[in-house]
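Some notes on the structure that comes next.
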Amino acid sequence: MLTAVRKLRGAGILGLNERNADFIMRLNPRRYYPRVDDKVLTKELALAAGMAVPDLYGVIAHQGQVREFGKIVGERDSFVVKPAQGSGGDGILVVTGRSQRRRDCFRLSSGMLISEGEIHHHISNIVGGQYSLSGNPDKALIEYCVHFDPTFAEVSFQGVPDIRVVVYRGYPAMAMVRLPTRASDGKANLHQGAVGAGVDLGSGETLSGVLDDHVVDEHPDTGALVAGLQIPKWDFILESSARGHEVTGLGYLGVDMVIDRDRGPLILEMNARPGLNIQIANGAGLLDRIARIEQLYDAGATPEQRAAVSRREFAATS
Amino acid sequence: MKQRYVYVLAALLAVVGLSVFFYKWQVLGFPLTEDQETPVWTIEAAVNFDSGPGSIKAQLHVPTLTPGFRMLNENSVSRGYGFSINYGSGGREAQWAVRRADGEQTIYYRISVYEDESVDQSDTTPPFPPLPVIDEPLNTAVEVIVSDVRDHSADAASFTTELLRRINDPSPDPNVELLLAGVDSDADFVGVVTMLLASARIPARMVRGFPLAGRQRRADLVAWLEVHDGDRWLYFNPQSGEQSLPDRFFVWWRGNEPLVNLEGGSNVRVDFAIQENHLDAVAIAETQAAQRGTSAVDFSLYSLPIQTQAVYSVLLMIPIGALIMVIMRNIVGIDAFGTFMPVLIALAFRETKLFWGVILFTTLVALGLTIRFLLDRLRLLLVPRLSAVLIVVVLLMLFISLMSHRLGMETGLSVALFPMVIIAMTIERMSVVWEERGPADAMRAGLGSLVVAVAAYIFMGIAWLEHLIFTFPELLLIILALVVLAGRYTGYRLTELRRFRDLMSE
Chain A
4 MLTAVRKLRG AGILGLNERN ADFIMRLNPR RYYPRVDDKV LTKELALAAG
54 MAVPDLYGVI AHQGQVREFG KIVGERDSFV VKPAQGSGGD GILVVTGRSQ
104 RRRDCFRLSS GMLISEGEIH HHISNIVGGQ YSLSGNPDKA LIEYCVHFDP
154 TFAEVSFQGV PDIRVVVYRG YPAMAMVRLP TRASDGKANL HQGAVGAGVD
204 LGSGETLSGV LDDHVVDEHP DTGALVAGLQ IPKWDFILES SARGHEVTGL
254 GYLGVDMVID RDRGPLILEM NARPGLNIQI ANGAGLLDRI ARIEQLYDAG
304 ATPEQRAAVS RREFAATS
Chain B
212 MKQRYVYVLA ALLAVVGLSV FFYKWQVLGF PLTEDQETPV WTIEAAVNFD
262 SGPGSIKAQL HVPTLTPGFR MLNENSVSRG YGFSINYGSG GREAQWAVRR
312 ADGEQTIYYR ISVYEDESVD QSDTTPPFPP LPVIDEPLNT AVEVIVSDVR
362 DHSADAASFT TELLRRINDP SPDPNVELLL AGVDSDADFV GVVTMLLASA
412 RIPARMVRGF PLAGRQRRAD LVAWLEVHDG DRWLYFNPQS GEQSLPDRFF
462 VWWRGNEPLV NLEGGSNVRV DFAIQENHLD AVAIAETQAA QRGTSAVDFS
512 LYSLPIQTQA VYSVLLMIPI GALIMVIMRN IVGIDAFGTF MPVLIALAFR
562 ETKLFWGVIL FTTLVALGLT IRFLLDRLRL LLVPRLSAVL IVVVLLMLFI
612 SLMSHRLGME TGLSVALFPM VIIAMTIERM SVVWEERGPA DAMRAGLGSL
662 VVAVAAYIFM GIAWLEHLIF TFPELLLIIL ALVVLAGRYT GYRLTELRRF
712 RDLMSE
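Top to bottom, those sequences are chains A and B.
All letters in the first sequence, in the order written, are residues 4 to 321 by the working numbering.
All letters in the second sequence, in the order written, are residues 212 to 717 by the working numbering.
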């Protein structure tokens, strides 16, 4: 057991306790949490900073407003319903179309049909706080459904793949792509069964993937190779992530982005407690990179400069 | 920097906790283990009488000087009566008074004592008794006996022995026969002996009490003889004349006065019952501490009412459960529903015992989950749905209790001790996880909760630990120190060793 601990230390692997005690508690002041926990606020802040986000169609803040759902959606065929304070991707409903015969029946990304009444119930649950972190009453967001870029079409099963960048004190430290699978029901969360693939920060090219804590090379549903895909606009993605530090004030931050076919990379949400699976996806520990960032840290650097430092420092050596 | 504060704080807590613990253990003699017990006798006097029309006043002699025993506590149970303890000529007297009462009355006086060799007869030397005034022809008989015995003895002790021998002679001389004519009880007999001794100017008195042995539903008072030889009190067996005291003889009162004095009532009777308890040495340690005048005892849990003590002996184990929780979550890394839910479940297990506890808990959660999924179809809002689950849980508990009672399994009844709100929340959380992340995750977290609960139950059920914490609550400071230290534990969790095993560097 002791040798196992030594080996993990040797690989620079960050554990949950250390993440919580040494990074989250030290670098993420509580008062900034609403900036990332409330997705409505995140959106506003990101917009104010000139970052691209999915359009917000409407917010449902209390039970009485649930009826307004139809009005908010209007004639749109695709949209996403999500809790403002959800965690881990719970409670997100991705609607990609409508039933041919009945306009009040919607098709989910999984292909299932869902009636407007069922969506109302789902929104009621969100507003009631079922998915919020603390169980407090919450708000439901209805926003633009990303039409994802064909880059990942081969390696995702329905749903929207997203890119997670862990940013340490403003410097991108590690990144991965999260690819939905049949098991994850179109959601891009690793603990729900999505595949994570590490990303070479230098080039923006994917490395091998991880599924349920194990390294995989192929997508379990499509069979396509996960590694070697070039993420478009990688520079922009790294810079946006680095800017997330200024927007939120958080020193240990996870930035989630999606690439829209038409609008390019969009910031989906940010996270004050990013998970540790990214280490498995990259086959590398965060501690080494964090130590390197501490050495290079420059309080006056702009997001662009910091992104450039990360690209240079953390490029894959092949 | 912060790390250092944490260590300093933890060390401080541990030092304070340990030093109070050592003081109480070494200096005050609080026992480390439960089996250090001392027999404690509780003697109950039930005074029974028929009330008269007017006000009632009852006086009962109660123990004053009890050589060989020390009093733990005494109390009176007498509804509606004013109660006080006064000093009379024969020692302490309990006095009850009431303006009016109807029918048969029973009032109780209870005293708890334990053996203590160091308690002596600390009476002052009594004056020579006055010569009793005795009518003829008894007076002549007394004078003859006394002068006869005096000729055959050297001091108070030998006088008494000789006197008792003569009086107890199976074929007594006529003078003795005359004196004992009206005697029909031991007490009368000892009364005659003390009268004879008084005539010889020897201080003597009757003592009455009980040899304490085991449990006696109805104990009879034994009359004994106490004679002062000018130096100390000597005890004589009035029948055999032997100078001795029965084993564990507990003196209730001295003198010839009747045990009870009643004004305003009739048919008074006093019944004694004796009970032997094995109270742990704690109570004794406390009396010692009280005599030393330390304040350690004022803060002792043993000074609380028994019922509250029972509550605290359970409550004090919760920190142990919390510590187990911390270890399981932060060092082992087991997933569980709710922060302290497993601890509360473990508390419920205390009543149901482990095997049935696990079965009942699993049944309850499984049934609850089924019904929760049925409820889901109704699309209820969150809070009403939670309430519905709660009500269903209560109904399920009722059902399980009734069913098991019918089948003759009494353990099923204890299901009612499960914290139902916690179970309802668990069912809700579990069903949400079930839907969101699949049955595997829900089962894993559910199982994790159960594992943590069982671990907490096992540790919270260690009897000596319970005794230790209850006697030395300051040990909780050490647990606090451990928890604080665990709060800064930044090493890997055990489960992470598995989780990251693909990343181990060679």
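Heads up, the beta-carbon is just placed ideally off N, CA and C, and yes, glycines get one too.
Any idea what DSSP makes of residue i, helix, strand or coil?
i, result
"residue 636 (chain B)", "helix"
"residue 564 (chain B)", "coil"
"residue 363 (chain B)", "coil"
"residue 142 (chain A)", "coil"
"residue 541 (chain B)", "helix"
"residue 309 (chain B)", "strand"
"residue 489 (chain B)", "strand"
"residue 135 (chain A)", "strand"
"residue 149 (chain A)", "coil"
"residue 39 (chain A)", "helix"
"residue 704 (chain B)", "coil"
"residue 342 (chain B)", "coil"
"residue 303 (chain B)", "strand"
"residue 399 (chain B)", "helix"
"residue 276 (chain B)", "coil"
Chain D partners of residue i, CB-CB under 9 Å?
i, result
"residue 655 (chain B)", "Among the chains of the structure shown, chain D does not appear; the protein chains present are A and B."
What does residue i reach in chain B if we use C-beta pairs closer than 8 Å?
i, result
"residue 150 (chain A)", "Simply none; closest approach about 25 Å."
"residue 124 (chain A)", "590"
"residue 322 (chain A)", "Here chain A has residues from 4 to 321 only, and residue 322 (chain A) is not among them."
Find the residues of chain A that neighbour residue i, judging by a C-beta separation of less than 7 Å, and give them in chain order.
i, result
"residue 643 (chain B)", "133"
"residue 593 (chain B)", "128, 131, 132 and 133"
"residue 707 (chain B)", "18 and 19"
"residue 541 (chain B)", "20"
I want to verify the contact list: residues of chain A whose CB lies under 9 Å from the CB of residue i, in sequence order.
i, result
"residue 701 (chain B)", "18, 20, 21, 22, 23, 24 and 25"
"residue 704 (chain B)", "18, 19 and 20"
So the candidates are the options; which of them puts its Cα closest to the Cα of residue i?
i, options, result
"residue 180 (chain A)", "A:174, A:112, A:239 and A:259", "A:259"
"residue 273 (chain A)", "A:10, A:107, A:262 and A:46", "A:46"
"residue 52 (chain A)", "A:36, A:18, A:221 and A:247", "A:247"
"residue 84 (chain A)", "A:125, A:116, A:118 and A:193", "A:125"
"residue 3 (chain A)", "A:7, A:249 and A:236", "Nothing in the structure corresponds to residue 3 (chain A), since chain A is present only between 4 and 321."
"residue 140 (chain A)", "A:221, A:310 and A:64", "A:64"
"residue 308 (chain B)", "B:611, B:689, B:262 and B:355", "B:262"
"residue 451 (chain B)", "B:465, B:463, B:442 and B:436", "B:436"
"residue 172 (chain A)", "A:162, A:254, A:161 and A:215", "A:254"
"residue 710 (chain B)", "A:282, A:164 and A:289", "A:282"
"residue 558 (chain B)", "B:328, B:349, B:667 and B:381", "B:667"
"residue 695 (chain B)", "B:545, B:534 and B:349", "B:534"
"residue 406 (chain B)", "B:633, B:443, B:341 and B:428", "B:341"
"residue 23 (chain A)", "B:550, B:699, B:224 and B:299", "B:699"
"residue 693 (chain B)", "B:216, B:221, B:214 and B:215", "B:221"
"residue 253 (chain B)", "B:289, B:284 and B:271", "B:284"
"residue 293 (chain B)", "B:344, B:468 and B:320", "B:320"
"residue 236 (chain A)", "A:267, A:214 and A:211", "A:267"
"residue 482 (chain B)", "B:706, B:250 and B:256", "B:256"
Since residue i meets chain B, which of its residues come closer than 9 Å, beta carbon to beta carbon?
i, result
"residue 283 (chain A)", "710, 711, 713 and 714"
What does residue i touch in chain A if you count any residue whose Cβ is under 8 Å from its own?
i, result
"residue 583 (chain B)", "Within 8 Å Cβ-Cβ: nothing; residue 583 (chain B) doesn't reach chain A, min ~13 Å."
Quick check: does the Cβ of residue i come within less than 7 Å of any heavy atom belonging to the ligand MN?
i, result
"residue 247 (chain A)", "Of ligands this structure carries none, so the ligand MN is not represented either."
Could you list which residues in chain B have their beta carbon closer than 7 Å to that of residue i, in chain order?
i, result
"residue 195 (chain A)", "648"
"residue 286 (chain A)", "714"
*Between the region 220-234 of chain A and the region 193-200 of chain A, are three or more C-beta pairs nearer than 8 Å?*
yes
*Three or more C-beta pairs closer than 8 Å, one from the region 274-282 of chain A and one from the region 161-169 of chain A: is that the case here?*
yes
*asked:* Give the list of continuous beta strand (DSSP E) stretches no shorter than 3 residues that lie fully inside the region 201-288 of chain A.
replied: 208-214, 217-219, 255-263 and 267-274
*Within the chosen definition, does the region 294-301 of chain A reach the region 653-660 of chain B through at least 3 CB pairs nearer than 8 Å?*
no
*asked:* Closer than 8 Å is the cut-off here; do at least three beta carbon pairs connect the region 22-40 of chain A with the region 706-717 of chain B?
replied: no
*Do three or more CB pairs link the region 669-689 of chain B to the region 307-318 of chain A at distances below 8 Å?*
Remark: fewer than three beta-carbon pairs, one from each stretch, lie closer than 8 Å, so the region 669-689 of chain B and the region 307-318 of chain A are not flagged as touching.
_Cβ contact (3+ pairs, closer than 8 Å) linking the region 273-287 of chain B and the region 313-329 of chain B_ = yes
_Inside the region 9-94 of chain A only - beta strand (DSSP E) runs reaching at least 3 residues_ = 59-63 and 82-86
*Any chance the region 420-430 of chain B sits against the region 386-393 of chain B, with 3 or more Cβ pairs inside 8 Å?*
no
_Three-pair Cβ contact test at 8 Å for the region 337-351 of chain B versus the region 262-275 of chain B_ = no
*Mind listing, in chain order, the continuous beta strand (DSSP E) runs of no fewer than 3 residues lying wholly within the region 582-613 of chain B?*
none
*Please confirm if the region 153-160 of chain A is in contact with the region 67-87 of chain A, defined as three or more CB-CB distances below 8 Å between the two stretches.*
no
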